[in-house]
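Every position in the sequence shown, counted from 1, becomes a number in the working numbering once 378 is added.
Quick reminder that beta carbons are idealized off the backbone N, C-alpha and C, glycines included.
Following: one structure in structure tokens, then a few remarks.
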Amino acid sequence: MKSIWKLAVTGTIALFPHHVAHAQDDRCARIDEPSARLACYDRQSGRAAPDSRPIPLPTPASAASAATIDGYQDHHDALKSRTDFDSRLKTAIPLRHGYYRLELEDGTAYDTTTVGPPPSVGAEIHVRRTPFGTTFFDLEGRKPLTVRLSRRQ
379 MKSIWKLAVT
389 GTIALFPHHV
399 AHAQDDRCAR
409 IDEPSARLAC
419 YDRQSGRAAP
429 DSRPIPLPTP
439 ASAASAATID
449 GYQDHHDALK
459 SRTDFDSRLK
469 TAIPLRHGYY
479 RLELEDGTAY
489 DTTTVGPPPS
499 VGAEIHVRRT
509 PFGTTFFDLE
519 GRKPLTVRLS
529 RRQ
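Rendered as structure tokens:
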């Protein structure tokens, strides 16, 4: 029984400084402005006040670099917005597990999403996009291939 009392007293003493510190923190927690509240906590912890000069914001990117970035995105969006057009297959690059990257003569590249042999190089392809965004390659004498615009162009 004496050991239980010793344990209780030791636990109370060990927890007491935390309650005192918590009571002191409540004063800072009632401050609404974030910077003033942080300054209150810094003063309590004994931290020295840092340099109060404002942190400089990074300069915006130049117009030329922004145009390059937007130019790529605009080009990519323009390719996705084309709904129907005809082209020829320039190359068929094997990927893994029966999938292929099909590059067209106009410079676009598509990855097949169905496993199967690729069309022959030079084949006439009609690219068709559905309203829901699925892209098909229509080939003469063959079922349509489901493809997606390649991200690695």
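Per-residue burial, residue i [other beta carbons within 10 Å of its own, 16 or more giving buried]
i, result
"threonine 469", "exposed"
"proline 412", "exposed"
"threonine 490", "buried"
"isoleucine 471", "exposed"
"glutamate 518", "exposed"
"proline 496", "buried"
"tyrosine 419", "exposed"
"isoleucine 382", "exposed"
"glutamate 532", "Not covered by the structure: residue 532. The range shown for the chain is 379 to 531."
Own chain partners of residue i with C-beta closer than 7 Å, once the 5 adjacent residues on each side are dropped
i, result
"arginine 415", "Cys406 and Ile409"
"proline 522", "Phe514, Phe515 and Asp516"
"glycine 500", "Arg466 and Leu467"
"threonine 461", "Arg507"
Which of helix, strand or coil DSSP assigns to residue i
i, result
"lysine 384", "helix"
"threonine 524", "strand"
"aspartate 410", "coil"
"alanine 487", "strand"
"aspartate 403", "Low per-residue confidence applies at aspartate 403: pLDDT is 49, beneath 50, and the placement is therefore not dependable enough to give any value."
Min CB distance residue i to chain D below 8 Å
i, result
"arginine 479", "Absent from the structure is chain D; it holds one protein chain and no more."
Residues that residue i bridges to, as DSSP identifies them
i, result
"serine 465", "Ile503"
"proline 472", "Tyr478"
"threonine 513", "Arg507 and Val525"
Option nearest residue i by Cα separation, candidates the options
i, options, result
"glycine 494", "Leu473, Cys418 and Tyr419", "Leu473"
"leucine 527", "Asp455, Gly476 and Gly424", "Asp455"
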